[in-house]
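Chemist:
Residue numbers (this note's numbering): 157 to 304.
1) Pull up the distance between the alpha-carbon of residue 226 and that of residue 297, whole angstroms please.
2) Note down the Cα distance separating residue 286 from residue 294, rounded to an integer number of angstroms.
3) How should residue 223 be labelled, buried or exposed, when 16 other C-beta atoms within 10 angstroms of its C-beta is the threshold for buried?
4) Three-state secondary structure (DSSP) at residue 263?
5) Could you check what DSSP says for residue 237 in three-state terms: helix, strand or coil?
6) I need the DSSP call for residue 243, collapsed to helix, strand or coil.
7) So what's residue 299 in DSSP terms, helix, strand or just coil?
8) Give me the Cβ distance between residue 250 and residue 240, rounded to the nearest whole Å; I'm assuming they're in contact under 8 Å.
9) Check whether the Cβ atoms of residue 210 and residue 277 sit closer than 7 Å, and answer yes or no.
10) Since residue 236 and residue 254 should fall inside the 8 Å C-beta cutoff, what is the C-beta to C-beta distance between them, to a whole number of angstroms?
11) Going by C-alpha distance, which of 232, 280, 273 is nearest residue 221?
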């Protein structure tokens with residue numbers, strides 16, 4: 157429980173820092189159009205992101221939990237939609253804020269679970285982490301062997 161509170165505090169601080177940097181940037185005077193040369197903005201390739209696994213897949217929720225989770229998701233959706241529509245934020249700032257909101261959503265849903273469900277989620281997360289670590293080590297070992 158204490159670590160969840162710490163995570164939420166860190167996420168809130170992260171969001172506050174992002175908001176402060178946005179405010180500082182919007183308050184500075186932009187250069188006049190006569191001073192800025194006409195440049196074509198470089199196009200960035202979209203990042204290939206695999207969606208994170210659903211940490212709560214396979215759990216059976218009570219009706220009360222379902223209602224609470226739906227309420228959490230709707231509240232986060234409103235916040236995330238506001239970030240996406242905010243023209244004052246650049247793409248990196250939007251992505252950072254959206255990632256923070258996703259973490260907050262997972263933490264809030266986790267708090268809505270029973271202690272047994274929380275244990276199950278932790279067990280699944282550790283199993284995924286160990287599998288990823290084993291796969292990484294396997295790749296490192298196969299890549300570092302000298303070729304005959």
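Glycine residues also receive a C-beta, built at the ideal position from the N, C-alpha and C atoms.
Modeler: Looking at the atomic coordinates:
1) Taking the straight line joining both Cα atoms gives about 44 Å.
2) Approximately 12 Å, taken between the alpha carbons.
3) exposed
4) helix
5) helix
6) coil
7) Three-state DSSP puts residue 299 in a helix.
8) 7 Å
9) no
10) With a beta-carbon spacing of about 6 Å, residue 236 and residue 254 fall inside the 8 Å limit used to define contacts.
11) For residue 221, the closest C-alpha among the options 232, 280, 273 is that of 273.
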